[in-house]
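Asks: The numbering of the sequence shown is this note's numbering, which starts it at 31 and goes up by one.
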Amino acid sequence: MPSASPGPAEDPRRRIPRTDDLLALPELVGARDRLSGAVLRGLVGEVQDRARRGVLPPEEVRGEVLAAVASRSATCLRPVLNATGVVVHTNLGRAPLSETAVQALITAGGYVDVEMDLVTGRRSQRGAGARRALLAACPAEVPGGLDALVVNNGAAALVLATTALIGTGELIVSRGELVEIGAGFRLPDLITSTGARLREVGTTNRTHRADYASAIGPETAGLLKVHPSNFRVDGFTSAVPIEDLRSLADEDGPRPGTGHSLPLIVDVGSGLLTADPALPEEPDLTSALEAGADVVIASGDKLLGGPQAGLLLGRAETIRRLARHPLARAVRADKLTLAALEATLGGGITPVSRALHADPERLRERAERLGTAVGAPVVAHEGRVGGGGAPGVPLAGWAVRLPEDLALLLRTGDPAVLPRVQGGACLVDLRCIPEPDDGRLAEAVRAAQSRRGTHPETPVPDGGH
Ligand SMILES: *Cc1c(COP(=O)(O)O)cnc(C)c1O
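(1) Contact check, arginine 48 vs proline 88 under 8 Å by CB: the rounded distance?
(2) Could you check which residue in Glu129, Gly159, Pro258, Glu473 has the C-alpha nearest to that of threonine 402?
(3) In three-state DSSP terms, what is glycine 184?
(4) Would you mind sorting histidine 514 into buried or exposed? The rule is 16 or more other CB atoms within 10 Å of its CB.
(5) If you pair each beta-carbon of the stretch 240 to 255 with each one of the stretch 263 to 283, do three or more pairs fall below 8 Å?
(6) In its own chain, which residues sit with a C-beta less than 6 Å from the C-beta of proline 126, not counting the 5 before and 5 after it?
(7) Using only CA atoms, which one of Asp459, Thr120, Leu341, Lys365 lies nearest to alanine 213?
(8) Could you pull out every residue in the same chain whose Cβ sits closer than 6 Å to the Cβ of methionine 31, ignoring the five residues on either side in sequence?
(9) When you measure from the CB of glutamine 479 to every non-hydrogen atom of ligand 1, does any distance come out below 8 Å?
(10) Output the boundary residues of the alpha helix (DSSP H) element that contains alanine 113.
(11) What are the start and end residues of the beta strand (DSSP E) that includes glutamine 452?
(12) Rounded to whole angstroms, what is the Cα-Cα separation between leucine 385 and leucine 440?
(13) Name the DSSP beta bridge partners of isoleucine 202, please?
(14) So which of Gly115, Val110, Val74, Arg124 has the shortest CA-CA distance to arginine 102?
(15) CB glycine 413 to CB valine 59, shorter than 9 Å?
(16) Determine the direct distance from the alpha carbon of leucine 195 to that of leucine 294, and round the result to whole angstroms.
(17) With glycine 312 and serine 300 assumed to form a contact (beta carbons below 8 Å), what rounded beta-carbon distance in angstroms separates them?
(18) Starting from serine 244 and walking both ways along the alpha helix (DSSP H), at which residues does that stretch end?
(19) When you compare each of Val361, Val91, Leu111, Arg71 to asparagine 182 by their alpha carbons, which one comes out closest?
(20) Which same chain residues end up closer than 6 Å to valine 475 when comparing Cβ atoms and leaving out the 5 residues on each side of it in sequence?
(21) Classify tyrosine 141: buried if its beta carbon has 16 or more other beta carbons within 10 angstroms, exposed otherwise.
(22) Throw me the rounded Cβ distance for the glycine 443 and serine 329 pair, which I believe falls under 8 Å.
(23) Just curious, the alpha helix (DSSP H) that alanine 429 is in, first and last residue?
(24) In the DSSP output, which residue or residues are listed as bridge partners for glutamate 171?
(25) Nearest to alanine 308 by alpha carbon, out of Ala358, Ala166, Leu425, Arg350?
(26) Within the present structure, is the beta-carbon of glycine 212 separated from the nearest heavy atom of ligand 1 by less than 8 Å?
(27) What's the call for alanine 216, buried or exposed, on a 16-neighbour Cβ count within 10 Å?
(28) Output needed for alanine 99: all residues of its chain with C-beta closer than 8 Å, excluding positions within five of it in sequence on either side, in chain order.
(29) Starting from aspartate 280, follow the beta strand (DSSP E) in both directions and report where the run begins and ends.
(30) If contacts are defined as beta-carbon pairs under 8 Å, then alanine 358 and leucine 352 qualify, I think. What distance do you get, rounded to the angstrom?
(31) Where does arginine 153 fall in DSSP's three states?
(32) Note down the Cα distance separating proline 464 from valine 110, rounded to an integer number of angstroms.
(33) Does the distance from the C-beta atom of leucine 448 to that of leucine 107 stay below 9 Å?
(34) For ligand 1, is there a heavy atom less than 8 Å away from the beta-carbon of valine 91?
(35) On the DSSP letters alone, give me the boundaries of the beta strand (DSSP E) that aspartate 468 sits inside.
(36) Check for me: the beta strand (DSSP E) holding alanine 455 runs from which residue to which?
Shown next as structure tokens:
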């Protein structure tokens with residue numbers, strides 16, 4: 031019989047909208063100045079793929095594509111509410127910038143006079159504003175005057191100082207100060223990668239002036255002191271103060287090759303410009319310079335609360351040697367960093383400082399309000415400075431205690447919330463949450479509770495914010 035056989039039902043995959051038709055939707059055309067053609071094509075392909083695998087009805091492809099395009103941002107970095115109580119959280123990008131610094135970043139995104147004197151129309155010193163702001167914020171008096179240089183990060187600053195001042199000579203450092211700075215990177219490896227030779231003196235817990243004195247010899251090219259900022263050795267310990275290292279370097283007299291006395295490099299790590307009574311054991315750049323360092327090194331995105339940067343402050347002559355070294359060009363800071371750093375230094379209180387100095391009573395009130403809103407108890411919880419700063423200093427505070435399995439739901443919610451998981455509980459600490467975000471945080475917790483399906487009171491619909 032010639033009649034057409036009934037056959038199987040039409041293949042639903044034939045009803046999946048075609049790529050070109052989807053890309054031609056006005057919403058996708060409109061998104062082209064925000065997202066590249068390749069990104070849009072990728073989004074379309076992913077949705078079509080789900081329909082081909084039968085997990086999405088073909089009729090819903092168009093709507094899904096529109097939703098995917100609308101929610102897709104140009105970067106996959108997602109904002110996170112830091113509920114860990116750890117102020118400088120390395121995995122969350124260390125210091126959150128102040129509003130002022132963010133504004134400066136946006137301004138610097140366009141053409142800016144970073145290396146141009148608009149009056150003369152000639153080239154000017156790069157980043158002069160950030161340099162001036164650093165000098166203004168660091169009142170140290172040093173022989174021959176103070177100068178400053180900004181590079182990419184603390185590690186780059188250390189590499190530049192070692193390369194330019196030590197060469198292939200010997201750099202003397204205490205065994206107790208050869209730290210690993212995170213993610214498997216170790217200061218000794220960083221230093222020897224420049225060609226300098228490390229001469230370790232003393233022991234892990236105790237190093238004396240005499241250890242340095244007997245190590246100084248014809249091969250010595252400098253002395254290094256590192257603030258071991260991410261751990262603490264308690265008990266029977268001893269380290270040599272910067273003043274003593276200065277006098278050792280000076281007693282050694284001018285070096286035959288250079289005519290200078292041995293350079294003393296001090297890596298303070300966390301970037302306090304002046305002493306902070308809340309962090310009594312944390313060294314600061316001003317004190318280190320006045321104690322006799324030729325150059326001090328610190329990060330911009332730890333306690334200073336600014337962008338990732340390496341700060342070098344020191345005697346004008348030493349800084350000039352660093353700035354002229356070819357490596358300085360390879361590690362120079364970009365205009366965005368310079369703008370954000372200057373704005374951090376000249377702006378108001380930073381989010382890092384606000385979190386560090388948060389009033390415990392206020393934290394308790396906020397925690398109790400959150401606890402009431404989400405039906406969970408408030409417990410005492412110590413915050414941390416973090417990011418390699420003041421390792422032994424607990425910051426008195428409070429947290430809302432939730433069941434441990436809520437942590438994943440909080441991390442994957444919108445907004446994403448990173449709680450602290452400890453002792454079988456999920457702790458939400460408000461220290462690092464900007465107060466205006468308390469409401470969003472409460473909603474995020476309620477949404478997580480409702481996704482978990484055990485919320486005791488009014489359930490919040492998924493995505494109902
Ligand atoms: C953090 C730190 C560094 C590295 O600085 P980055 O800005 O992370 O490159 C170097 N030395 C010390 C003592 C530090 O604490």
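Beta carbons are placed, not taken as given, at the ideal position from N, Cα and C, and that holds for glycine.
Replies: Reading it off the structure:
(1) In the sequence shown, counting from the first residue as 1, residue 48 sits at position 18. In the sequence shown, counting from the first residue as 1, residue 88 sits at position 58. The Cβ separation is near 11 Å, so there is no contact.
(2) Here the question's residue 402 lines up with position 372 in the sequence shown. The residue with the shortest Cα to Cα distance from threonine 402 is Glu473.
(3) On the sequence shown, position 154 is the one that residue 184 refers to. Glycine 184 falls in the helix class under three-state DSSP.
(4) A question about residue 514 goes unanswered here, because the residues of the chain that appear run from 31 up to 495.
(5) yes
(6) Numbered from 1 along the sequence shown, position 96 holds the residue referred to as residue 126. Around proline 126: Pro381.
(7) On the sequence shown, residue 213 is found 183 positions in, with the first residue counted as 1. With distances taken between Cα atoms, alanine 213 lies closest to Thr120.
(8) Here the question's residue 31 lines up with position 1 in the sequence shown. Model confidence at methionine 31 stands at a pLDDT of 46, short of 50, so the residue's coordinates are unreliable; what they give is reported in the following sentence. Taken in chain order, the list of residues that qualify is empty.
(9) Along the sequence shown, one-based indexing puts residue 479 at 449. Because no heavy atom of ligand 1 lies under 8 Å away, the Cβ of glutamine 479 does not count as near it: no.
(10) To locate residue 113, count along the sequence shown from 1; it is residue 83. Counting along the chain, alanine 113 falls outside any alpha helix (DSSP H), though it belongs to the beta strand (DSSP E) covering 110 to 113.
(11) As a working mapping, residue 452 is identified with position 422 in the sequence shown. Counting along the chain, the beta strand (DSSP E) containing glutamine 452 begins and ends at 446 to 452.
(12) The residue labelled residue 385 in the question sits at position 355 within the sequence shown. The residue labelled residue 440 in the question sits at position 410 within the sequence shown. Position check: residue 385 holds alanine in this sequence, whereas leucine was assumed. Answer to the nearest angstrom: the Cα atoms are 21 Å apart.
(13) Here residue 202 is taken as the residue at index 172 of the sequence shown, counted from 1. According to DSSP, which records beta bridges pairwise, isoleucine 202 is partnered with Arg229, Leu253.
(14) Numbered from 1 along the sequence shown, position 72 holds the residue referred to as residue 102. Comparing Cα positions, the closest option is Val74.
(15) Within the sequence shown, numbered from 1, the residue matching residue 413 stands at position 383. Within the sequence shown, numbered from 1, the residue matching residue 59 stands at position 29. No, the pair does not count as a contact, with Cβ atoms beyond the cut-off.
(16) For the purposes of this step, residue 294 is identified with residue 264 of the sequence shown, where counting begins at 1. For the purposes of this step, residue 195 is identified with residue 165 of the sequence shown, where counting begins at 1. Between leucine 294 and leucine 195, the C-alpha separation is close to 9 Å.
(17) By one-based count along the sequence shown, residue 312 stands at place 282. By one-based count along the sequence shown, residue 300 stands at place 270. A small fix is needed here, since residue 312 is glutamate in this sequence, not glycine. Yes, glutamate 312 and serine 300 are in contact; Cβ-Cβ is about 6 Å, under 8 Å.
(18) If you number the sequence shown from 1, residue 244 lands on position 214. Segment 239 to 245, the alpha helix (DSSP H) holding serine 244.
(19) Translated into positions along the sequence shown, residue 182 becomes position 152. The residue with the shortest Cα to Cα distance from asparagine 182 is Val361.
(20) For the purposes of this step, residue 475 is taken as the residue at position 445 of the sequence shown. Val404.
(21) The count along the sequence shown starts at 1 and reaches residue 141 at position 111. By the neighbour-count rule (16 or more Cβ atoms within 10 Å), tyrosine 141 is not buried but exposed.
(22) Sequence index remark: in the sequence shown, residue 443 carries index 413 (1-based). Sequence index remark: in the sequence shown, residue 329 carries index 299 (1-based). Not quite, the Cβ-Cβ distance comes to about 31 Å (not below 8 Å), so this is no contact.
(23) By one-based count along the sequence shown, residue 429 stands at place 399. Not the alpha helix (DSSP H): alanine 429 falls in the beta strand (DSSP E), residues 428 to 433.
(24) To locate residue 171, count along the sequence shown from 1; it is residue 141. Glutamate 171 pairs with nothing; no bridge assigned.
(25) As a first step, residue 308 must be located in the sequence shown, where it is residue number 278. It is Leu425.
(26) Here residue 212 refers to the residue found at position 182 when the sequence shown is read from its first residue. Within the cutoff, so yes.
(27) By 1-based counting over the sequence shown, the position of residue 216 is 186. Correcting the residue identity first, residue 216 is arginine in this sequence and not alanine. It counts as exposed.
(28) As a first step, residue 99 must be located in the sequence shown, where it is residue number 69. Just to set this straight, residue 99 is valine in the shown sequence, not alanine. Excluding residues within five positions, the ones whose Cβ falls inside 8 Å are Glu57, Leu58, Ala61, Leu65, Leu70, Leu73.
(29) Mapped onto the sequence shown, residue 280 falls at position 250. Aspartate 280 -> not in any beta strand (DSSP E); alpha helix (DSSP H) instead, spanning 272 to 281.
(30) Stepping through the sequence shown from its first residue, residue 358 is reached at position 328. Stepping through the sequence shown from its first residue, residue 352 is reached at position 322. Contact holds; Cβ gap of about 6 Å.
(31) Numbered from 1 along the sequence shown, position 123 holds the residue referred to as residue 153. Strand, per DSSP.
(32) Within the sequence shown, the letter at position 434 stands for residue 464. Within the sequence shown, the letter at position 80 stands for residue 110. Using only the alpha carbons, I get a separation of about 12 Å.
(33) Residue numbering aside, residue 448 sits at position 418 when the sequence shown is read from its first letter. Residue numbering aside, residue 107 sits at position 77 when the sequence shown is read from its first letter. No, the pair does not count as a contact, with Cβ atoms beyond the cut-off.
(34) Here residue 91 corresponds to residue number 61 of the sequence shown, with the count starting at 1. Because no heavy atom of ligand 1 lies under 8 Å away, the Cβ of valine 91 does not count as near it: no.
(35) One-based indexing of the sequence shown puts residue 468 at position 438. It is not in any beta strand (DSSP E) - aspartate 468 instead sits in the alpha helix (DSSP H) that spans 468 to 482.
(36) One-based indexing of the sequence shown puts residue 455 at position 425. Here the beta strand (DSSP E) through alanine 455 covers 455 to 459.
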